[in-house]
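Structure, as C-alpha cells:
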Amino acid sequence: TKEDFRNSFIGSNFFAEAFGKYLAHMYQMADFIITPSEYSKKLIQGYGVTTPIVAVSNGIDLHKYQKDPHKEEV
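In this text, residue positions in the sequence shown follow UniProt numbering: the first is 1, and each later residue adds one.
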C-alpha cells in the first residue's frame, strides 16, 4: 500500500501519492486480491478498489506449539 511505501526511503513521500494511484489501478485490474490483514484490506478498499478482497492471516496458532506439561522431556 502507499502507506507502507511512505517513509521507506529518502524521497519516498514525494512519490507516495502517484504510487498510490498506480497501485489502485493495478489492484482494480486484478481478478481477486489476497491481503495479510483486515487493516490492509480496508486500506485497499479506501482506494476505491471494487475487486473482491479477502484477508488471510499469515500468522500461526501459538497454542499448537505450546509445551505440554504432561509430556516427559527426552
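For glycine and all other residues, C-beta sits at the position ideal for the given N, C-alpha and C. These figures come from a predicted structure and were not determined experimentally.
For residue i, the nearest candidate out of the options (CA to CA)
i	options	result
Glu-3	Val-56, His-63, Leu-43 and Tyr-65	Leu-43
Ala-18	Thr-1, Ala-30 and Asp-68	Thr-1
Contacts around residue i, its chain only, beta-carbon distance under 7 Å, and the 5 residues preceding and following it disregarded
i	result
Ala-24	Tyr-47, Gly-48 and Val-49
Ser-12	Phe-5 and Arg-6
Ala-30	Thr-51
Simplified DSSP state of residue i, which is helix, strand or coil
i	result
Ile-60	coil
Ala-30	coil
Ile-53	strand
Beta-carbon proximity list for residue i, same chain, < 8 Å, skipping 5 on both sides
i	result
Tyr-27	Ile-33, Ile-44, Tyr-47, Val-49 and Thr-51
Tell me whether the segment 25 to 35 and the segment 50 to 60 touch, counting them as touching only if at least three CB pairs, one residue from each stretch, are closer than 8 Å. Look at the beta carbons and you see the segment 25 to 35 touching the segment 50 to 60: at least three pairs across the two are nearer than 8 Å.
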